[in-house]
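So the protein sequences, as listed, match chains R and X.
For any residue, its number in my numbering is found by taking its place in the first sequence, counting from 1, and adding 2.
For any residue, its number in my numbering is found by taking its place in the second sequence, counting from 1, and adding 99.
Positions of the beta carbon are idealized from the N, C-alpha and C atoms, including for glycine.
Just so we're clear, the structure is a prediction, and the values are computed from it rather than from any experiment.
Each remark here refers to the structure printed beneath this line.
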Amino acid sequence: MTQDERTLQGAVARIDSQLRELPREIEPGRDLWSGIAARIDERAAPAPASEPRHSAWFWQAAAAVALVAASSLLTATLLDRDRPAGQAVVTAAPSNQVATSQDAVGMPAAFGPAGTLDPEYLAARKQLTQMLDQRIGTLPPSARAKLEFNLGEMRRAADEINAALAAQPGDPLLEELLLKTYQDELAVLSNVSQLTGSLENAAASPAEKRMQL
Amino acid sequence: MKTVVAAAPCCQPVVARAIALLAATLPLAAFAGTPINKLTAADPTGTVEISNTAGTVTVTGWDRNEVEVTGELGKGTERLDFTKADKITRIKVVLPNRSDVEDTDLIVKVPATSLVSVNTVSADIGVQGVRGTQRLQSVSGELRTESSGEDIECRTVSGDVNIAGSGRKGLVSITTVSGDATATRLAGEVNGSTVSGNLTLGVGETSRSRLRSTSGDLTLQGSLAADARLDIESISGDVRLDLVGKTGADFDVASFSGDIRNCFGPKPVRTDEYAPGKEWRHQEGDGSARVRIKTLSGDVSVCRK
């Protein structure tokens, strides 16, 4: 077991112990029902027309995006930590360095004209993008260009859906596809980070001559 | 009886020059790469991890409890690590921190039931006769393997993926950024995800399949298990579903601006008088399986073969 795994195991054990110490039941200090009933009545009233309303699945999906973001980041981070200290990826820094993945992605983080994304998602995406930026130099230029083009493709897809959402706010199909696009972007960032992270010695390779991208 | 071959007088100088050239080239060829020949005992259910940057990796399953590595180490390569710890055999091509290194070709024979994990940058990966789980990853190399019913995971950025299935049920996961993927005779659960690559999958019978794409086309041909769940999403890529045999399924197909073409059931309907969206909902047979397809602008085709 590595030091990282021991640390993680220790943290999990501490959390388990703290959870076991929590009381099984907590009596509310006051009668909450009257407040809850009032809130239900408020929600039953029609929402103002200016505020786009999202269906229940939307919030479930938004929670799923946050979960995917967290798990993608956790996986990528753990894999990164598993790398022995002496095996840091060598950044090739070629002379014709192209734009970073941050430049390539730059995805508008919004759901339609009035929405914003979960801060947890944004933070996870930022970290994954930074991680990829560190490693993208290890990819052969042609593979890197291909990757950046495809991250741009996802950005264009999100732009297109956002534009459609501006015309049809609250469309459940558009919202679903937009959420999936954000999820897919995270998955690509995470996958490529893991892929490049697992390949030491990749930078200074003669791989270019074999690239068929 | 002896056969004597004599060069015609007219050609003797040419032959002599060719022989001289060959003789002069031979030493260079000998220095082009270092032959590899390594062998170790291995657990039949152990793991074999292989890492190579450029060249090829060919893995073959055999009925011996040994791992054998042959092939040629590219000129300039630092070394080949060949280690064994418990049930894990590791084969790793180690490169120096410079660029004038030639490709390495690895030919690896493993116990057929081994778990095989291969990582490459541009090296093509070929696997045959392996009946254990496979995890194949490459940045731009081509992945070519056979499925025997065990789990297979293939991941590439731009490399193409080709899987020849056996009709046995298993879990196959394919992830590419721009690489195309083709698979035949898969069964069980198939998950495919791509940004701009085209996925073309032939499935004997699927119980669960999930395909996603941004701009690549998705094609699935096969039959649905009674309780199958098929989920396909694309932004601008086209989706084609060709169902084989009798189908009892509940279809929920929607596209924001793409066309929906179906060869059975009612015609698709507009979702809104003033918007381009179309949807097609239909129950075929007992409706026990569920098919769900969503696109933004990609066209959808659902037919029976």
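Original post:
Should Arg-369 of chain X and Ser-400 of chain X be called a contact, given that it needs their Cβ atoms to be closer than 8 Å?
Top reply: No, the pair does not count as a contact, with Cβ atoms beyond the cut-off.
Subject >> Selection from X:Asp-326, X:Thr-305 and X:Ser-335 that minimises the alpha carbon distance to Arg-311 of chain X >> reply: The shortest Cα separation from Arg-311 of chain X among X:Asp-326, X:Thr-305 and X:Ser-335 belongs to X:Ser-335.
**OP:** State the start and end residues of the unbroken beta strand (DSSP E) segment that holds Lys-191 of chain X.
**Re:** According to the DSSP assignment, Lys-191 of chain X belongs to the beta strand (DSSP E) that extends over 187 to 193.
**OP:** With 9 Å as the limit, tell me which residues of the stretch 385 to 402 of chain X have their beta carbon closer than that to any beta carbon of chain R; keep them in chain order.
**Re:** Those residues of the stretch 385 to 402 of chain X that come within reach of chain R (Cβ to Cβ, closer than 9 Å) are Lys-393, Thr-394, Leu-395 and Ser-396.
**OP:** Give the C-beta separation of Val-158 of chain X and Val-238 of chain X to the nearest angstrom, bearing in mind that I take them to be a contact with Cβ-Cβ under 8 Å.
**Re:** About 18 Å separates the beta carbons of Val-158 of chain X and Val-238 of chain X, which is beyond the 8 Å limit, so they are not a contact pair.
**OP:** Establish whether the CB of Lys-128 of chain R and some CB of chain X are separated by less than 8 Å.
**Re:** Residue-level contact check: Lys-128 of chain R does not touch chain X, since none of the beta carbons of chain X fall below 8 Å from its beta carbon.
**OP:** Evaluate Thr-394 of chain X with the Cβ neighbour count: other Cβ atoms within 10 Å of its Cβ, from every protein chain shown; 16 or more gives buried, anything less gives exposed.
**Re:** That one is buried.
Original post:
From the beta carbon of Gln-136 of chain R, is the nearest beta carbon of chain X less than 8 Å away?
Top reply: Gln-136 of chain R has a beta carbon lying at 8 Å or more from every beta carbon in chain X.
Original post:
Do Ile-251 of chain X and Gln-233 of chain X have their CB atoms nearer than 8 Å?
Top reply: Using a Cβ distance threshold of 8 Å, Ile-251 of chain X and Gln-233 of chain X count as a contacting pair.
Original post:
For Phe-363 of chain X, does the count of other Cβ atoms within 10 angstroms reach 16, so buried, or fall short, so exposed?
Top reply: Flag for Phe-363 of chain X reads exposed.
Original post:
What's the call for Asn-164 of chain R, buried or exposed, on a 16-neighbour Cβ count within 10 Å?
Top reply: With 16 or more other Cβ atoms within 10 Å, it is buried.
**OP:** With Thr-182 of chain X as the anchor, note down where its beta strand (DSSP E) starts and where it stops.
**Re:** Note, Thr-182 of chain X: beta strand (DSSP E), 178 to 184.
Subject >> Bounding residues of the beta strand (DSSP E) (the contiguous stretch that carries Ile-206 of chain X) >> reply: Start and end: 203 to 210.
Original post:
Where does Asp-186 of chain R sit, in a helix, a strand or coil, going by DSSP?
Top reply: It is helical.
**OP:** Would you mind working out which of R:Leu-176, R:Leu-153, R:Phe-151 and R:Arg-127 sits nearest Phe-355 of chain X, comparing C-alpha positions?
**Re:** The residue with the shortest Cα to Cα distance from Phe-355 of chain X is R:Leu-176.
Original post:
Skipping 5 residues on each side, what residues in its chain have a beta carbon closer than 6 Å to that of Arg-328 of chain X?
Top reply: For Arg-328 of chain X, where only same-chain residues beyond five positions count, the Cβ hits under 6 Å are Arg-307 and Arg-389.
Subject >> For Leu-138 of chain X, the residue or residues it bridges with in DSSP >> reply: According to DSSP, Leu-138 of chain X bridges with X:Glu-167.
Original post:
What separation, rounded to the nearest whole angstrom, lies between the Cα atoms of Asp-135 of chain R and Ala-169 of chain R?
Top reply: Spanning the two alpha carbons is a distance of roughly 35 Å.
Subject >> At least three beta-carbon pairs within less than 8 Å, the stretch 168 to 177 of chain X to the stretch 192 to 208 of chain X >> reply: Yes, the stretch 168 to 177 of chain X is in contact with the stretch 192 to 208 of chain X.
Original post:
Where DSSP assigns a beta bridge to Glu-122 of chain R, which residues make up the other side?
Top reply: None, per the DSSP bridge assignment.
Original post:
Quick one, which residues of the stretch 368 to 383 of chain X are near chain R if we go by CB-CB under 7 Å, in chain order?
Top reply: Listed by position along the chain: Ala-374 and Gly-376.
**OP:** Provide the residue span of the beta strand (DSSP E) that contains Gly-303 of chain X, from first to last.
**Re:** Per DSSP, the continuous beta strand (DSSP E) segment holding Gly-303 of chain X begins and ends at 298 to 312.
Subject >> Among X:Phe-181, X:Pro-367 and X:Ile-135, the one whose alpha carbon lies nearest that of Glu-148 of chain X >> reply: It is X:Phe-181 whose Cα lies nearest to the Cα of Glu-148 of chain X.
Original post:
Between Arg-234 of chain X and chain R, is there a C-beta pair that is closer than 8 Å?
Top reply: Using beta-carbon distances, Arg-234 of chain X does not count as an interface residue toward chain R, since no partner is under 8 Å.
**OP:** Consider the Cβ of Asn-164 of chain R: report whether some Cβ of chain X lies at a distance smaller than 8 Å.
**Re:** Not an interface residue.
Subject >> Identity of the residue in X:Asp-162, X:Gly-344, X:Gly-296 and X:Ser-213 nearest Arg-403 of chain X by Cα >> reply: The shortest C-alpha separation from Arg-403 of chain X is found at X:Gly-344.
**OP:** Leaving aside the five residues before and after Val-289 of chain X along the sequence, list all residues of the same chain whose C-beta is less than 7 Å from its C-beta, in chain order.
**Re:** Counting only Cβ-Cβ distances below 7 Å, and skipping sequence neighbours, we find Val-271, Leu-300, Val-302, Thr-305 and Ser-308.
**OP:** Kindly indicate which three-state DSSP category Ser-272 of chain X falls into: helix, strand or coil?
**Re:** Looking at Ser-272 of chain X - three-state DSSP - the assignment turns out to be strand.
Original post:
In chain X, which residues lie with their C-beta within 8 Å of the C-beta of Thr-183 of chain R?
Top reply: The contact set of Thr-183 of chain R on chain X, defined by CB atoms closer than 8 Å, consists of Thr-313 and Ile-334 in chain order.
Subject >> Reference Arg-254 of chain X; option with closest CA among X:Ala-263, X:Ile-273, X:Lys-268 and X:Lys-191 >> reply: Taking the Cα of Arg-254 of chain X as reference, the smallest distance to any Cα among X:Ala-263, X:Ile-273, X:Lys-268 and X:Lys-191 is reached at X:Ile-273.
**OP:** Give the residues of chain R in contact with Phe-355 of chain X, contact being defined as C-beta atoms less than 9 Å apart.
**Re:** By Cβ distance, chain R contributes Ile-163, Ala-166, Gln-170, Asp-173, Leu-175, Leu-176 and Leu-179.
Subject >> Closest Cα partner of Leu-179 of chain R within the set R:Arg-127, R:Arg-146, R:Glu-162 and R:Val-194 >> reply: Considering only R:Arg-127, R:Arg-146, R:Glu-162 and R:Val-194, the residue with the shortest C-alpha distance to Leu-179 of chain R is R:Glu-162.
**OP:** Name, please, each residue of chain A whose Cβ falls closer than 8 Å to the Cβ of Asp-186 of chain R.
**Re:** You won't find chain A in this structure, because its protein chains are R and X.
**OP:** Within its chain, find whatever has a CB closer than 7 Å to the CB of Asp-279 of chain X; leave out the 5 residues flanking it on each side and keep chain order.
**Re:** Asp-259, Gly-296 and Asn-297, listed in sequence order.
**OP:** Compare the C-beta of Val-168 of chain X against all C-beta atoms of chain R and say whether one is closer than 8 Å.
**Re:** Taking 8 Å as the threshold, the shortest C-beta distance from Val-168 of chain X to chain R does not fall below it.
Original post:
Of the residues X:Ser-314, X:Val-156, X:Arg-178 and X:Asn-136, which one's Cα is nearest the Cα of Arg-243 of chain X?
Top reply: Measuring from the Cα of Arg-243 of chain X, the nearest candidate turns out to be X:Val-156.
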